[in-house]
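Residue numbers (our numbering), protein chains in the order written: chain P, 59 to 186; chain V, 59 to 186.
Heads up, the beta-carbon is just placed ideally off N, CA and C, and yes, glycines get one too.
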DNA sequence: TCTTGACTTTGAGCGCACTCCAAGTTGTAG
DNA sequence: CTACAACTTGGAGTGCGCTCAAAGTCAAGA
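Rendered as structure tokens:
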């Protein structure tokens with residue numbers, strides 16, 4: 059996280075105005091750091107800034123917003139689960155395609171294969 | 059994928075100029091569709107358009123670019139693996155936090171707990 | 001014949017999340 | 001005392017990936 063980003067997050071209300079040293083420089087408390095780490099983790103998993111703002115806002119309002127906050131987290135958790143699924147699917151697809159590329163490279167280096175193999179585009183989405 | 063996006067992809071060279079019906083409307087072949095599906099899968103896993111362009115370009119150049127293309131796919135596969143790791147970490151974190159929220163909600167509804175439990179912020183990044 | 005709707009084009013516009021610029025202040029090292 | 005680095009501010013700029021607007025063409029249906 060860059061200093062620019064930290065200031066940006068403060069500007070847009072993701073973090074409360076942070077403590078200052080006597081010279082006016084920002085001093086991040088451990089609580090600030092933990093919160094920033096959490097924000098970072100949410101951003102790294104593509105939670106929109108808007109949603110993080112909403113969460114931060116509720117957090118400021120205190121314990122009565124607990125359920126609303128939990129719902130936000132649950133929604134994001136679902137989103138994460140969906141992302142994982144997409145990624146795993148793509149990962150498998152790439153395994154398939156990479157293996158296919160290797161096969162092709164061997165063919166062209168050493169010569170034709172002993173048997174004619176079917177084109178490996180036997181699955182949707184394997185198009186070269 | 060919207061029609062807008064399809065035209066955009068054609069404009070930026072992700073797909074070759076596609077066939078037309080007699081009235082000038084685009085007609086996507088099955089090969090086009092398979093390729094688009096692949097592109098969609100890559101985008102859904104955050105491959106940048108730039109990299110997809112590079113891949114498409116190599117693909118047009120024919121078999122001699124096989125290794126370069128494979129490298130692109132391998133790089134993206136690594137990227138995907140890293141993403142999965144991040145997501146799984148975040149998922150576990152959210153499990154933790156959501157459980158904690160539920161605990162808090164039960165406490166406030168029913169009354170104090172029988173025993174004083176330690177605050178659940180026992181791990182980095184669990185800050186409310 | 002007229003209307004409707006789906007497509008066509010070029011080029012501009014938008015939302016997101018930063019990212020940087022310019023000008024100013026402060027603390028430290030030489 | 002001077003130079004420099006590291007911070008401060010408000011506001012502007014950037015890059016990505018779409019997304020839409022405006023004006024035009026064409027085919028089918030009432």
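Give every residue of the same chain whose Cβ lies closer than 8 Å to the Cβ of residue i, excluding the five residues on either side of it in the sequence, and list them in chain order.
i, result
"residue 130 of chain V", "109, 112, 113, 116"
"residue 75 of chain P", "68"
Between which residues of its own chain and residue i is the CB-CB distance below 7 Å, once the five residues before and five after are set aside?
i, result
"residue 98 of chain P", "59"
"residue 139 of chain P", "none"
Using the Cα positions of residue i and residue j, report the straight-line distance between them to the nearest angstrom.
i, j, result
"residue 163 of chain P", "residue 80 of chain V", "40 Å"
"residue 91 of chain P", "residue 155 of chain V", "17 Å"
"residue 101 of chain P", "residue 67 of chain P", "12 Å"
"residue 96 of chain V", "residue 72 of chain V", "11 Å"
"residue 84 of chain V", "residue 103 of chain V", "27 Å"
"residue 121 of chain P", "residue 160 of chain V", "12 Å"
"residue 153 of chain V", "residue 135 of chain P", "8 Å"
"residue 88 of chain P", "residue 147 of chain V", "21 Å"
"residue 168 of chain P", "residue 157 of chain V", "58 Å"
"residue 106 of chain V", "residue 137 of chain V", "11 Å"
"residue 118 of chain V", "residue 166 of chain P", "18 Å"
"residue 149 of chain V", "residue 61 of chain V", "34 Å"
"residue 144 of chain P", "residue 143 of chain V", "13 Å"
"residue 82 of chain P", "residue 63 of chain P", "18 Å"
"residue 133 of chain P", "residue 123 of chain V", "43 Å"
"residue 93 of chain V", "residue 65 of chain V", "14 Å"
"residue 151 of chain P", "residue 141 of chain P", "15 Å"
"residue 125 of chain P", "residue 125 of chain V", "52 Å"
Run down chain V in chain order and give the residues with a C-beta less than 9 Å from the C-beta of residue i.
i, result
"residue 134 of chain P", "148, 152"
"residue 138 of chain P", "145, 146, 148, 149, 152"
What does residue i pair with, by DSSP beta-bridge criteria?
i, result
"residue 78 of chain V", "V:84"
What does residue i touch in chain P if you count any residue whose Cβ is under 7 Å from its own?
i, result
"residue 103 of chain V", "144, 145, 148"
So with CB distances below 9 Å, who are the chain P contacts of residue i?
i, result
"residue 163 of chain V", "124, 125, 128"
Using the beta-carbon of each residue, which ones in chain V are nearer than 8 Å to residue i?
i, result
"residue 159 of chain P", "124, 125, 127, 128, 131"
"residue 166 of chain P", "121, 124"
Which residues of chain V have a Cβ atom closer than 7 Å to the Cβ of residue i, listed in chain order?
i, result
"residue 141 of chain P", "145"
Note down, in chain order, every chain P residue with its Cβ under 8 Å from the Cβ of residue i.
i, result
"residue 156 of chain V", "128, 131, 132, 135"
Looking only at its own chain, which residues have a Cβ that is under 6 Å from the Cβ of residue i, when we skip the five neighbours before and after it?
i, result
"residue 77 of chain V", "85"
"residue 70 of chain P", "none"
"residue 262 of chain P", "This structure gives no information on residue 262 of chain P, because the portion of chain P shown stretches from 59 to 186."
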